[in-house]
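Undergrad:
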Amino acid sequence: MDEVQKVFNKFNTNGNSKISVFRDLGFDAGTSSADLTDAVTVIDKDGAIDLHEFADFHRGNASTLGGQNSLPLKQSAKMQNEEGQNMDLYIPRKCSATNRLITAKDHASVQLNVGHLDEAGRYTGQFSTFALCGYIRAQGDADGALDRLWQKKKVQVRQQ
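If you use UniProt numbering, the sequence shown corresponds to residues 1 to 160, in order.
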C-alpha cells in the first residue's frame, strides 16, 4: 500500500486526498460517458478518485469504480475514436516545469526518466520522472527547465 500511496500522492497535487483531474479540466460528475469518455463515469459522484478507489483499481480488486451506476472496469478502460476503433485511454499529465496540463494534442511533449547515481557514478536503480510540455520545448527552455528541476530534486533527495 505504501507504493500505491506514493503514486497517489504524485497525482494529488492540491493535497485534498482526492485526484480531481477531471473536475480540474471542467468535467462534472453528471457528465455522461457519451459526452466525454468512459473514464469520467468510472469516478464516483464527487468527480474525483480517492485513495481507496485508486488502490482497488491498481490491485485489480474492483469490478467497478463509483458504485452501482458505473461501468464495469474492463469496459471503462476502453475508449473509442470517431471511427469506432478502440484506443488507449489518455491520462492527463502536468508539465513538471510549468505545472500546466499536457493535453492529448500536445505532440511535442516529452517524459524523461533521469537515473540517480551514487558517489562513484554508478546507477542506483532509482530514477526521477519529469514531463515537459511542448510550450517549454518550443521556447527553447527545455534544457534550463530540466536543469532547474533536477537541482530541486537533488535537494529533496538529500533532505530525506
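Heads up, the beta-carbon is just placed ideally off N, CA and C, and yes, glycines get one too.
None of these values were measured; they are calculated from a predicted model.
1. Output the boundary residues of the alpha helix (DSSP H) element that contains residue 115.
2. Among all the DSSP beta bridges, which residues are the ones paired with residue 146?
3. With distances taken Cα to Cα, identify the nearest neighbour of residue 129 among 123, 111, 136, 118.
4. Taking the alpha-carbon of residue 105 as reference, which of 126, 133, 155 has the nearest alpha-carbon?
5. Indicate whether residue 127 and residue 115 have their beta-carbon atoms separated by less than 8 Å.
6. For the alpha helix (DSSP H) that residue 134 lies in, which residues bound it at each end?
7. Between the Cα of residue 137 and those of 117, 97, 50, 49, spot the shortest distance and give me the residue it belongs to.
8. Give the DSSP bridge partners of residue 93, in chain order.
9. Alpha carbon to alpha carbon, how far is residue 103 from residue 94?
10. Among residues of its own chain, excluding the 5 on either side of residue 124, which ones have a beta-carbon nearer than 6 Å to its beta-carbon?
TA: This is what the structure gives:
1. Taking the sequence shown and counting its residues from 1, the one referred to as residue 115 is at position 115. Residue range 110-117 is occupied by the beta strand (DSSP E) that includes residue 115, with no alpha helix (DSSP H) assigned at that position.
2. Residue numbering aside, residue 146 sits at position 146 when the sequence shown is read from its first letter. For residue 146, which the question treats as bridged, DSSP gives no partner whatsoever.
3. The count along the sequence shown starts at 1 and reaches residue 129 at position 129. Out of 123, 111, 136, 118, 111 has the C-alpha closest to the C-alpha of residue 129.
4. The residue you call residue 105 lines up with position 105 of the sequence shown. Answer by Cα proximity: 133.
5. Position 127 of the sequence shown, counted from the first residue, corresponds to residue 127. Position 115 of the sequence shown, counted from the first residue, corresponds to residue 115. Taking 8 Å as the Cβ cut-off, residue 127 and residue 115 qualify as a contacting pair.
6. Counted from its first residue, the sequence shown places residue 134 at position 134. Segment 134-138, the alpha helix (DSSP H) holding residue 134.
7. Taking the sequence shown and counting its residues from 1, one reaches residue 137 at position 137. Ranking the options by Cα distance to residue 137, first place goes to 97.
8. Walking along the sequence shown from the start, residue 93 turns up at place 93. Bridge partners of residue 93: 102.
9. For this step, residue 103 is matched to residue 103 along the sequence shown. For this step, residue 94 is matched to residue 94 along the sequence shown. Their backbone Cα atoms lie some 9 Å apart in a straight line.
10. Position 124 of the sequence shown, counted from the first residue, corresponds to residue 124. The answer, listed in chain order, is 116, 118.
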